[in-house]
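According to my numbering, the residues represented by the sequence shown are 2 to 74, in order.
Where a beta carbon is used, it is the ideal one built from N, C-alpha and C, also for glycine.
Predicted model only: the values in this text are computed from it and were never measured.
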Amino acid sequence: MANLTLKQQDELHQNISQALASFMILSQHFEDNGNKFIMSGEITRNALWNIQTLLENADKIINGEITRGLNND
Numbered sequence: 002m003a004n005l006t007l008k009q010q011d012e013l014h015q016n017i018s019q020a021l022a023s024f025m026i027l028s029q030h031f032e033d034n035g036n037k038f039i040m041s042g043e044i045t046r047n048a049l050w051n052i053q054t055l056l057e058n059a060d061k062i063i064n065g066e067i068t069r070g071l072n073n074d
């Protein structure tokens, strides 16, 4: 794992928090609708893609693969 700057830590936290929030919205929707996704398949797919992308970005930050101006404290 790379040593993370404060900006990288903040970006990591944002990615994980956003992924968790998106997951919780999907999970609550699923539970509220009798364990079914009532929203369109495209919306569900987009939400899952968003979660996947956020978690992949978090992993890249941890491994030092994303720096995009995150190296300065």
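| said: Quick check on DSSP: helix, strand or coil for ASN4? | reply: Correct three-state label for ASN4: coil.
- Item | Span of the alpha helix (DSSP H) around GLY42 | Residues 42-63.
Measure the beta-carbon distance from ALA48 to SER23 and round it to whole angstroms, keeping in mind my assumption that it falls under 8 Å.
At roughly 6 Å, the Cβ-Cβ gap stays under 8 Å, so ALA48 and SER23 are in contact.
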